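Visitor: Numbering (my numbering), first residue to last: 282 to 464.
Every residue gets a Cβ at the ideal spot worked out from N, C-alpha and C, and that includes glycine.
Note that this is a predicted model, so its numbers are computed, not measured.
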Amino acid sequence: MSQTTKIKHVTKEVLEEYVLPKENQQIVRVLGGRGNNLHEVEDPSGTNYLVSMPVKFRKNIWIKRGDFVIVEPIEEGDKVKAEIQRILYRDQIKYIKEEGLWPKPFDNGSGKGNGKTTSPKDGDDGSDLFVNTNRPSIVYEESDSSATESEDDDDAYFCVNSNRPVVICDDGDSSGAESGEDE
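1) Would you list the one or two residues that DSSP bridges to S333?
2) Does the count of Cβ pairs from the segment 292 to 302 and the segment 313 to 328 closer than 8 Å reach three?
3) Give every residue of the same chain whose Cβ lies closer than 7 Å to the Cβ of E380, excluding the five residues on either side of it in the sequence, and list them in chain order.
4) Just list the residues that DSSP pairs G313 with in beta bridges.
5) In this structure, does DSSP put E298 in helix, strand or coil?
6) Just tell me which of L319, F349, I288, I365 has its CA closest to the CA of K375.
7) Is the beta carbon of I288 closer than 8 Å to that of N329?
8) Does the distance from the C-beta atom of F387 to that of P335 stay below 8 Å?
9) Please say whether L319 and V291 have beta carbons closer to each other than 8 Å?
10) On the three-state DSSP scale, how would you describe I344?
11) Is DSSP giving S283 helix, strand or coil here?
12) Would you grab the beta carbon distance between Q306 and Q366 for me? Rounded to a whole angstrom, and I think it's under 8 Å.
13) Please name the residue or residues paired with P354 in a DSSP beta bridge.
14) Using beta-carbon positions only, say whether E364 and I377 come within less than 8 Å of one another.
15) Confirm, please, whether the CB-CB distance from I308 to I351 is below 8 Å.
16) Buried or exposed, going by whether 16 or more other CB atoms sit within 10 Å of the CB of L382?
17) Quick check on this structure: which residue in W343, P384, E357, R416 has the alpha carbon closest to the alpha carbon of E323?
18) Where does R416 land, buried or exposed, given buried means 16+ other C-beta within 10 angstroms?
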C-alpha cells in the first residue's frame with residue numbers, strides 16, 4: 282500500500298468513524314505537545330501525564346491544545362502512561378455526549394487545564410480556520426446620507442492590518458491605477 286493510500290485511509294478513519302471508548306480506554310484533554318510525538322494530557326480526575334502519538338497518525342493528523350482524544354493505557358511506560366487511539370472532533374464529541382459516555386468534568390470546562398472545550402453548540406463559524414496575516418484586512422465603512430458631506434473620506438474603504446499603518450482605499454478608483462499597483 283502506498284503512502285498516499287495510507288494517509289487517505291487514516292484520515293477517513295479519523296474523520297468519519299464514530300466510536301465509543303471501551304472499558305480500558307478513557308477520554309482525555311490535550312494540554313500541549315512535549316516533542317517527539319508526546320503530548321501532555323489531563324484525565325477527568327485532573328491527573329496530568331504523557332501520551333504517545335502512534336505511528337499511523339504521525340505527520341498525517343495534528344492535534345492542538347484543548348482537543349480531546351481517546352487513550353489506552355500501556356504497561357511498558359514509566360513516564361508515558363498511554364497511547365492515543367482516537368482523535369475526537371466536534372461531531373464525534375456530540376455523538377459520545379448523546380450516548381451518555383462523556384466525562385462530567387469536561388462538560389463544563391472545569392479542571393486544571395486551560396478550560397477550552399469543544400462544544401457542539403459552537404457551530405461552524407469558521408473561527409478555527411487558519412487566517413493569513415500577510416494580507417491586509419479590509420473594513421468597509423459607509424456613511425449616512427444625512428451626515429455631513431464635508432469630508433471626502435466618508436465613503437472610503439479602510440484597509441486595516443495590525444502590523445502596518447491604516448491604508449485608505451479610495452472608493453472612486455477600484456483598479457489601483459492611481460497608486461501605481463499593477464496586477
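Guide: From the atom records:
1) L319, E364
2) no
3) L301
4) E321
5) coil
6) F349
7) no
8) no
9) no
10) coil
11) coil
12) 6 Å
13) A363
14) no
15) yes
16) exposed
17) P384
18) exposed
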